[in-house]
Amino acid sequence: MTFTGKFSDDCKSIVIDYADSILRLLYPHKDTQLEISIKKFHRQRTVAQNSYIWGCVIPTIRAWMKERTGDCPSKEGMYAYLRIKVVGQEVIIEEINGVDVPIVGGKRFSQMTTVEFMEAIDKIILYYAEQGLEIQLPDSKTNNITTDFTKYNLKDE
């Protein structure tokens with residue numbers, strides 16, 4: 000079971016978020032010794048952020064590239080390009096059974112925390128803005144990344 004909380008001001012106890020609910024779940028273990036681990040809390044990206052990268056950012060760049068050059072890279076190719084060229088992750092060559100296999104080092108967008116993801120998005124938006132492409136941000140009035148960008152879906156060719 001995982002839950003969040005923080006140390007009390009005097010650091011003598013832990014204040015658990017949603018303590019009443021958590022304590023109800025823990026009650027059956029009230030006489031059981033437990034192993035408790037503590038680590039710093041990091042928010043993971045949301046489904047909406049995932050929809051934004053795959054449903055807006057990548058399709059927008061692909062459509063722009065097709066309009067400018069006639070070429071339309073695959074979604075997966077564009078994803079790897081963004082990680083390598085724009086975000087600055089490196090390609091690592093790993094030898095497997097005598098074959099050199101290229102692997103993109105670093106975290107995939109889906110493994111990034113919200114802060115890391117937003118930093119990567121900022122790099123992508125600035126990179127393409129310098130080339131004349133404006134990547135639309137979510138509509139702040141709706142706060143719904145998933146539906147705000149349905150018009151940008153571009154089929155793989």
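Numbering-wise, numbering that gives the first Met the number 0 puts 90 at position 91 of the sequence shown, and it's gapless, one number per residue.
In this text, a Cβ means the ideal position worked out from N, Cα and C, and glycines have one as well.
Being a predicted model, the structure only gives us computed values, none of them experimental.
Self-check item: Secondary structure of THR113, DSSP reduced to three states
Solution: As a working note, residue 113 is residue 114 in the sequence shown. Of the three classes helix, strand and coil, the one that applies to THR113 here is helix, per DSSP.
Exercise. Note down the Cα distance separating VAL103 from LYS11, rounded to an integer number of angstroms.
Key: Taking the first residue of the sequence shown as 1, we reach residue 103 at position 104. Taking the first residue of the sequence shown as 1, we reach residue 11 at position 12. Their Cα atoms are separated by approximately 44 Å.
Quiz item: In its own chain, which residues sit with a C-beta less than 7 Å from the C-beta of TYR127, not counting the 5 before and 5 after it?
Solution: Residue numbering aside, residue 127 sits at position 128 when the sequence shown is read from its first letter. Counting only Cβ-Cβ distances below 7 Å, and skipping sequence neighbours, we find ILE60, ILE134.
Quiz item: Which term fits GLN110, buried or exposed, when burial requires 16 or more other beta carbons within 10 angstroms of its beta carbon?
Solution: Within the sequence shown, numbered from 1, the residue matching residue 110 stands at position 111. GLN110 is exposed by the Cβ-count criterion.
Quiz item: Got a sec? Which residues, its chain only, sit under 8 Å from VAL100 by beta carbon, not counting five neighbours each side?
Solution: Position 101 of the sequence shown, counting from 1, holds the residue named residue 100. Same-chain partners within the cutoff: ILE92, GLU93, GLU94.
Self-check item: Limits of the unbroken alpha helix (DSSP H) element including LYS65
Solution: Working through the sequence shown from its first residue, we reach residue 65 at position 66. Its alpha helix (DSSP H) spans residues 57 to 68.
Quiz item: Any contact of the segment 24 to 38 with the segment 46 to 61, i.e. 3+ C-beta pairs under 8 Å?
Solution: no
Exercise. Output the distance between the C-alpha atoms of ALA108 and ASN49, rounded to the nearest integer angstrom.
Key: For the purposes of this step, residue 108 is identified with residue 109 of the sequence shown, where counting begins at 1. For the purposes of this step, residue 49 is identified with residue 50 of the sequence shown, where counting begins at 1. Note that residue 108 is Phe in the sequence shown here, rather than Ala. Between PHE108 and ASN49, the C-alpha separation is close to 8 Å.
Quiz item: Out of VAL14, TYR17, ILE13, ILE21, which has the shortest C-alpha to C-alpha gap to MET0?
Solution: Locating residue 0 in the sequence shown gives position 1, where the first residue counts as 1. Minimum Cα distance to MET0 is reached at ILE21.
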